[in-house]
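Engineer: In my numbering, the protein residues as written are 70 to 244.
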Amino acid sequence: MILIIITVALVLFLGIGFYNANKLQHINIQKTVEVNSDIHTTFNNVLYLKNFTKWSPFYEADPAQKTEVKGMDGAVGAQFHWEGNNGKDLGYQEITVIKPLTYIKMECDIQKPFKANPTFEYSFSNTKNITKVTQNFNLKSGLVDAFFMWLFGAKKDMEKMNARGMALLKKTCEN
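(1) In the DSSP assignment, find the unbroken alpha helix (DSSP H) run with V115 in it and report its ends.
(2) Using the C-alpha atoms, what's the distance from Q94 back to Y161?
(3) Among the residues of its own chain, which have a CB less than 6 Å from the CB of K135, if the five just before and after it don't count?
(4) Should V102 go down as buried or exposed, given a rule of 16 or more other Cβ atoms within 10 Å for buried?
(5) Determine, using beta carbons only, whether G143 and L116 come nearer to each other than 9 Å.
(6) Along the chain, where does the alpha helix (DSSP H) that runs through L238 open and close?
(7) Go through its chain and collect everything with a Cβ distance to K239's Cβ below 6 Å, but skip five positions before and after it.
(8) Drop a sphere of 10 angstroms on the beta-carbon of A215, count the other beta-carbons inside from all chains shown, and report buried for 16 or more, exposed for fewer.
(9) For K181, which residues from the same chain have a beta carbon less than 8 Å from its beta carbon, with the 5 sequence-adjacent residues on both sides left out?
(10) Looking only at its chain, what residues have a beta carbon closer than 7 Å to the beta carbon of E243, apart from the 5 residues adjacent to it on each side?
(11) How about F193 and M227: do their beta carbons lie closer than 9 Å?
(12) When the distance is taken between beta carbons, is M218 closer than 9 Å to P126?
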């Protein structure tokens, strides 16, 4: 009888988990911030990867991480590499598209703590001395990876980190 109850509970848990995981196979998080700064300053803080540590929520959480910019900073192909959390975090992001003062796209290659290839897209618009920045974060994953993201509440953590990053970008540009 106990074996039947455990089996039913396990099947129910897995059923609910994979149902919810199916919704997490494609995650899109959009955050917008209005910055009291000119568009050149705001755009350049995102474009030039040397500035990333000023507004990165990951660097804020682990300021001891090792970072390196490879390639021509501010150009397509430039990469921001990181290794942090005592070697437990490893990856890089690369600028893949630049439309001056309006759009930047970066693709990430995360190797640790898990393998993932999210993209970040930044759109910029300006009215007077207010620059509106919209960040679109996209992540596609398999069903099993999505199951573990559901199990550990990873989407909420991603939303918090993206919101913190945009708040730090605003603070950096306004100072």
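Idealized CB from N, CA, C, for every residue including glycine. Keep in mind that this is a model prediction, so the values were computed, not measured.
Structural biologist: Result, derived from the coordinates:
(1) In the sequence shown, the residue the question calls residue 115 occupies position 46. Bounds of the alpha helix (DSSP H) holding V115 are 108-116.
(2) Here residue 161 refers to the residue found at position 92 when the sequence shown is read from its first residue. Here residue 94 refers to the residue found at position 25 when the sequence shown is read from its first residue. The straight-line gap from Cα to Cα measures roughly 22 Å.
(3) Position 66 of the sequence shown, counted from the first residue, corresponds to residue 135. Closer than 6 Å at Cβ, skipping near neighbours: E152.
(4) Taking the first residue of the sequence shown as position 1, residue 102 is located at position 33. With 16 or more other Cβ atoms within 10 Å, it is buried.
(5) By one-based count along the sequence shown, residue 143 stands at place 74. By one-based count along the sequence shown, residue 116 stands at place 47. Contact flag set, yes.
(6) The residue you call residue 238 lines up with position 169 of the sequence shown. Counting along the chain, the alpha helix (DSSP H) containing L238 begins and ends at 223-243.
(7) Counting from one through the sequence shown, the residue named residue 239 turns up at place 170. Only residues of its own chain outside the window of five on either side were considered, and among them V102, V104 have a CB closer than 6 Å to the CB of K239, listed in chain order.
(8) Reading the sequence shown from its first residue, position 146 is the one you call residue 215. Buried is the call here.
(9) Counting from 1 along the sequence shown, the entry for residue 181 is found at position 112. Answer for K181: G156, K157, D158, L159, G160, listed in chain order.
(10) The residue you call residue 243 lines up with position 174 of the sequence shown. Result list for E243: V104, N105, S106, in chain order.
(11) In the sequence shown, counting from the first residue as 1, residue 193 sits at position 124. In the sequence shown, counting from the first residue as 1, residue 227 sits at position 158. Judged by their CB atoms, F193 and M227 are not nearer to each other than the 9 Å cut-off.
(12) Along the sequence shown, one-based indexing puts residue 126 at 57. Along the sequence shown, one-based indexing puts residue 218 at 149. Going by C-beta atoms, P126 is not nearer than 9 Å to M218.
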